[in-house]
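Q: Have a look at this one.
Number of protein chains: 2
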Amino acid sequence: MIDPWSSALINYEKLIEQFGIKPFGDLITDIENPPMLMRRGIIFGHRDYGKIVKAMREEKEFTVVSGMMPSGKMHIGHKMIVDQLIWYQKKSADIYIPIADMESYSARGVDFETSRKFAISEYITNYIALGLDFRRKNVKIYLQSENKTVSDLAYLLSRKVNLSEMKAIYGFSGNTNLAHFFVPMIQVADILHPQLEEFGGPKPSIVPVGPDQDPHIRLTRDIAERFKTSFKFITPSSTYHRFITGLTGGKMSSSKPKTAIFLSDSPEEAQKKVMSAKTGGRESLDVQSRLGGVPDDCIVYELLLYHLVESDDELAKIYHDCKSGTLMCGECKNKASRMMKKFLDHISDKREDAKEMAEEVLSGDLKC
Amino acid sequence: MIDPWSSALINYEKLIEQFGIKPFGDLITDIENPPMLMRRGIIFGHRDYGKIVKAMREEKEFTVVSGMMPSGKMHIGHKMIVDQLIWYQKKSADIYIPIADMESYSARGVDFETSRKFAISEYITNYIALGLDFRRKNVKIYLQSENKTVSDLAYLLSRKVNLSEMKAIYGFSGNTNLAHFFVPMIQVADILHPQLEEFGGPKPSIVPVGPDQDPHIRLTRDIAERFKTSFKFITPSSTYHRFITGLTGGKMSSSKPKTAIFLSDSPEEAQKKVMSAKTGGRESLDVQSRLGGVPDDCIVYELLLYHLVESDDELAKIYHDCKSGTLMCGECKNKASRMMKKFLDHISDKREDAKEMAEEVLSGDLKC
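Okay, here's the thing in structure tokens:
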């Protein structure tokens, strides 16, 4: 069982074997101008992505649904989702962004008002700063607690889900509080509601997630099938991305500041974090010259791979130079930390402008 | 365990002993002008009704919450609830009437639109015809599916209820669908939401129910206690009424037309039903003259007791004449059936006028 609320590292290959997630590499050649997360295998798996490839190729309508959990500061690992949304926005997808205030309440007891404020000041502000364009009509963002269409649909769909299933999927037990039972159904409705008549009817949809969210995806796909007669849902597609490793070697987590570079870190602070990150370097410069470094086990390299180096050629050169022993960790970290500083300088500037707009995004005052 | 969704007859005394329901008779002398349902022991039990007695005596604000289930035609047994609401309306209570369309969906798969139409044409129309005055500002009626305040509160409260409790109270099992888990929380919120700040804050409230609904009451009272710090809820009070016996001896049920006199029955049809109802008569007139009849085991007498005879003296005389063998079943049934015809004639007239108003009651077009 995959527990979507734990933060364990995942053996990605097992997922592909055991749970029927398909390797993303098999269809990447069908995608026009794939983004670097796809090209580099960070998006490693999918369910039914063929439907999305087809929709993009034929310029048909499709939907992306990607929620934000308004708790914990946004770190560089979270940027992956925004990168994908920006790419899909350019592909003319309709983008739905539920803000998971109901989940934040059930899991952590955070009240809706606190979630709302945090979503604006931290998440929406950063989404704008990173380049998602909320002025375009194809982005719809909402608080789960305020979306009656979604909660109504969640209730309607819940009639064909039973307790045993919920226990099997989520490991719920006797002392699980009832709010926990409602939230997965809200998420199912988050994903399926863009296919309701009032939003243009059935269409392909894609949910880009980490593999820990696959239980939600499977439940949603099952429920979509069960209501095929009444709602004509097209079973949603999904993609799965690897998680960037934290600076100390485990998972990058907002609740462990030492593991993460936050988007709100000062550029200097972030530089220091990069300089002290675990690398794939050898015990001495001498040994490294001879044997080469280990980029596949290097957090600095991951930062370059996931975020900092846009050019595949440039990245390949760094990889090769490291492996061949000509690029040493000191130089590489210097370079990475400069790039990180530049990126955070940029985001920090953008964020200043984004703050006001972020308020308007949720109040509906933003002009499209 | 009392199952609120079954229709079994209940041993009322056991309820008082086992579940801590208090005998209503103990406080009836404290009530000014009690209605006949109270005087005659049809309302036989209560929890915490002292709070309501006090509120009425001191002319303080209090609330009555009484839902309607929009499925099945309304029969004479349902009239009891309306009689109580009318009495409380005269006592200046604020009356809240949730229409249980969410429950009707979870239990029977009835969609919200069907429930809405049926609530108007059958229930609200009859409530008006029976005399509940929806023009007064102290009556608030709503569809559960349309009341976001209620569903939000249901969700907030659900964080302090766990799966084991729901199983223990309602006997839910693995194949219970999830909608069934949400509905009791909606009912809890139906009862507690009039105590929210926006409705004037904490105040005594009374829920008049049949004993089969006591599990809901106990759950609601427990939850009110759990949220005392945050919401300052005053634990709701409840009263319990006996169910009128069906015409064939079992429970009176909308789904078994032969057991029930419907408010929409033609007066002639209803007369026939009264004439053929099971009585407490003896095997022959001769034996009955000698031993007397058995009004305590007579459905015709129940009709008189619950609904048709307003005067206690007149009822006592009938009871006495029956027991003493001077009043025979033929005469008594004739009298009862004439009273029933008169009542249904009256309701039928009133219902004609009520139809238009019933539409407006839910649309909010009704002028107060």
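From first to last, the protein sequence lines stand for chains A and B.
Counting from 1, one number per residue, gives the positions in the first sequence under the working numbering.
Counting from 1, one number per residue, gives the positions in the second sequence under the working numbering.
By construction, the Cβ of each residue, glycine as well, lies at the ideal position given by its N, Cα and C atoms.
1. Please specify which runs of the beta strand (DSSP E), each continuous and at least 3 residues long, are wholly inside the region 111 to 143 of chain A, giving them in chain order.
2. Ignoring anything shorter than 4 residues, give me the alpha helix (DSSP H) runs that lie fully in the region 185 to 266 of chain A, in order along the chain.
3. For B:D83, name the three-state secondary structure that DSSP assigns.
4. Would you call A:D365 buried or exposed, if buried means 16 or more other Cβ atoms sit within 10 Å of its Cβ?
5. Please name the residue or residues paired with A:D312 in a DSSP beta bridge.
6. Starting from B:G45, trace the beta strand (DSSP E) in both directions and tell me its first and last residue.
7. Counting pairs of beta carbons, one from the region 203 to 212 of chain B and one from the region 158 to 172 of chain B, are three or more of them closer than 8 Å?
8. Alpha helix (DSSP H) containing A:I299: first to last residue?
9. Please list, in chain order, all residues of the same chain as B:K22 whose beta carbon is under 8 Å from its beta carbon, the five residues on each side excluded.
10. Let me know the secondary structure DSSP gives B:T63 once reduced to three states.
11. Kindly indicate if chain A contains any beta-carbon less than 7 Å away from that of B:F181.
12. Find the residues of chain B that neighbour A:Y170, judging by a C-beta separation of less than 7 Å, and give them in chain order.
13. Mind checking A:S151: buried by the 16 CB within 10 Å criterion, or exposed?
14. Closer than 7 Å, Cβ to Cβ, to anything on chain A: give me those residues from the region 184 to 208 of chain B, in chain order.
15. Against A:T114, what residues of chain B qualify as contacts under a CB-to-CB distance less than 9 Å, listed in chain order?
16. DSSP on B:K22, reduced to helix/strand/coil?
17. Please name the residue, chosen from A:K117, A:A129, A:Q288, A:N334, that lies closest to A:S324 on a Cα-to-Cα basis.
18. Could you check what DSSP says for A:M68 in three-state terms: helix, strand or coil?
19. Can a CB atom of chain B be found closer than 7 Å to the CB of A:K60?
20. Spatial neighbours of B:D296 within its chain, please: CB distance less than 8 Å, with the 5 preceding and 5 following residues excluded, ordered by chain position.
21. Would DSSP call A:D152 helix, strand or coil?
22. Measuring straight from C-alpha to C-alpha, what distance separates B:F227 and A:I99?
23. Which residue or residues does DSSP assign as beta-bridge partners of B:H75?
24. Looking only at its own chain, which residues have a Cβ that is under 7 Å from the Cβ of B:K91, when we skip the five neighbours before and after it?
25. Within 7 Å (strictly less), CB to CB, does A:N162 reach chain B?
26. On a Cα-Cα basis, can you pick out the residue from B:S284, B:D312, B:K272, B:K333 that is closest to B:C298?
27. Roughly how many whole angstroms lie between the Cα atoms of B:S348 and B:A129?
28. What do you get for B:S377, buried or exposed, if any count of 16 or more other CB atoms within 10 angstroms of its CB means buried?
29. Taking the alpha-carbon positions, what's the B:L27 to B:K54 distance?
30. Give the single residue among A:Q18, A:D94, A:V274, A:M69 whose Cα lies nearest to the Cα of A:R136.
31. Helix, strand or coil for B:I31, going by three-state DSSP, please let me know.
32. Taking 7 Å as the threshold (beta carbon to beta carbon), is A:T220 in contact with chain B?
33. How many Å lie between B:S158 and B:F112 at the Cα?
34. Answer with yes or no whether the minimum CB distance from A:K91 to chain B is below 7 Å.
35. Would you please state the rounded distance, in angstroms, between the beta carbons of B:L362 and B:I124? I believe it to be under 8 Å.
36. Excluding sequence positions up to five away, which residues of its chain have a Cβ less than 8 Å from the Cβ of A:I120?
A: On the basis of the supplied data:
1. 139 to 143
2. 214 to 226, 228 to 231
3. As a working note, residue 83 of chain B is residue 83 in the second sequence. B:D83 falls in the helix class under three-state DSSP.
4. For the purposes of this step, residue 365 of chain A is identified with residue 365 of the first sequence, where counting begins at 1. Exposed is the call here.
5. As a first step, residue 312 of chain A must be located in the first sequence, where it is residue number 312. Paired residue(s): none; A:D312 is not in a bridge.
6. Numbered from its first residue, the second sequence carries residue 45 of chain B at position 45. Element bounds for B:G45: 43 to 47.
7. no
8. What you label residue 299 of chain A is simply residue 299 of the first sequence in a count that begins at 1. First-last of the alpha helix (DSSP H) with A:I299: 299 to 303.
9. The residue labelled residue 22 of chain B in the question sits at position 22 within the second sequence. Within the same chain, B:K22 has close Cβ partners I16, G45, H46, R47, Y49.
10. Within the second sequence, residue 63 of chain B is the residue found at index 63, counting from 1. Residue state, collapsed to three classes: strand.
11. To locate residue 181 of chain B, count along the second sequence from 1; it is residue 181. Yes, B:F181 counts as interfacial toward chain A.
12. By 1-based counting over the first sequence, the position of residue 170 of chain A is 170. Simply none; closest approach about 11 Å.
13. What you label residue 151 of chain A is simply residue 151 of the first sequence in a count that begins at 1. Buried is the call here.
14. M185
15. Here the question's residue 114 of chain A lines up with position 114 in the first sequence. Simply none; closest approach about 13 Å.
16. In the second sequence, the residue the question calls residue 22 of chain B occupies position 22. Three-state DSSP puts B:K22 in a strand.
17. The sequence position of residue 324 of chain A within the first sequence is 324, counting from 1. The option with the nearest alpha carbon to A:S324 is A:Q288.
18. By 1-based counting over the first sequence, the position of residue 68 of chain A is 68. Of the three classes helix, strand and coil, the one that applies to A:M68 here is strand, per DSSP.
19. The residue given as residue 60 of chain A occupies position 60 in the first sequence. Not closer than 7 Å to any Cβ of chain B, the Cβ of A:K60 fails to qualify, so no.
20. Here the question's residue 296 of chain B lines up with position 296 in the second sequence. So the qualifying residues of the chain are G280.
21. Within the first sequence, residue 152 of chain A is the residue found at index 152, counting from 1. A:D152 falls in the helix class under three-state DSSP.
22. Position 227 of the second sequence, counted from the first residue, corresponds to residue 227 of chain B. Position 99 of the first sequence, counted from the first residue, corresponds to residue 99 of chain A. Each residue's Cα considered, the two are about 26 Å apart.
23. Position 75 of the second sequence, counted from the start, is the residue given in the question as residue 75 of chain B. In DSSP, B:H75 forms a bridge with B:F262.
24. Numbered from 1 along the second sequence, position 91 holds the residue referred to as residue 91 of chain B. Cβ within range, chain order: M56.
25. Taking the first sequence and counting its residues from 1, one reaches residue 162 of chain A at position 162. Answer yes: the Cβ-Cβ gap between A:N162 and chain B drops below 7 Å somewhere.
26. Counting from one through the second sequence, the residue named residue 298 of chain B turns up at place 298. The option with the nearest alpha carbon to B:C298 is B:K333.
27. Here residue 348 of chain B refers to the residue found at position 348 of the second sequence. Here residue 129 of chain B refers to the residue found at position 129 of the second sequence. Cα-Cα distance, rounded: 8 Å.
28. Residue 377 of chain B falls outside the range modelled here, since chain B spans only 1 to 368, and no answer is possible.
29. Residue numbering aside, residue 27 of chain B sits at position 27 when the second sequence is read from its first letter. Residue numbering aside, residue 54 of chain B sits at position 54 when the second sequence is read from its first letter. Near 11 Å, if we compare the C-alpha coordinates of B:K54 and B:L27.
30. Taking the first sequence and counting its residues from 1, one reaches residue 136 of chain A at position 136. Checking every option, the nearest Cα to that of A:R136 belongs to A:D94.
31. Residue numbering aside, residue 31 of chain B sits at position 31 when the second sequence is read from its first letter. Coil at B:I31, not helix or strand.
32. Along the first sequence, one-based indexing puts residue 220 of chain A at 220. Output row for A:T220: interface = no.
33. Position 158 of the second sequence holds residue 158 of chain B. Position 112 of the second sequence holds residue 112 of chain B. Approximately 23 Å between the Cα atoms of the pair.
34. Looking up residue 91 of chain A in the first sequence gives position 91. Judged by the 7 Å Cβ criterion, A:K91 is not in contact with chain B.
35. Stepping through the second sequence from its first residue, residue 362 of chain B is reached at position 362. Stepping through the second sequence from its first residue, residue 124 of chain B is reached at position 124. 7 Å between Cβ atoms; contact.
36. For the purposes of this step, residue 120 of chain A is taken as residue 120 along the first sequence, with counting starting at 1. Answer for A:I120: A358, E359, V361, L362, listed in chain order.
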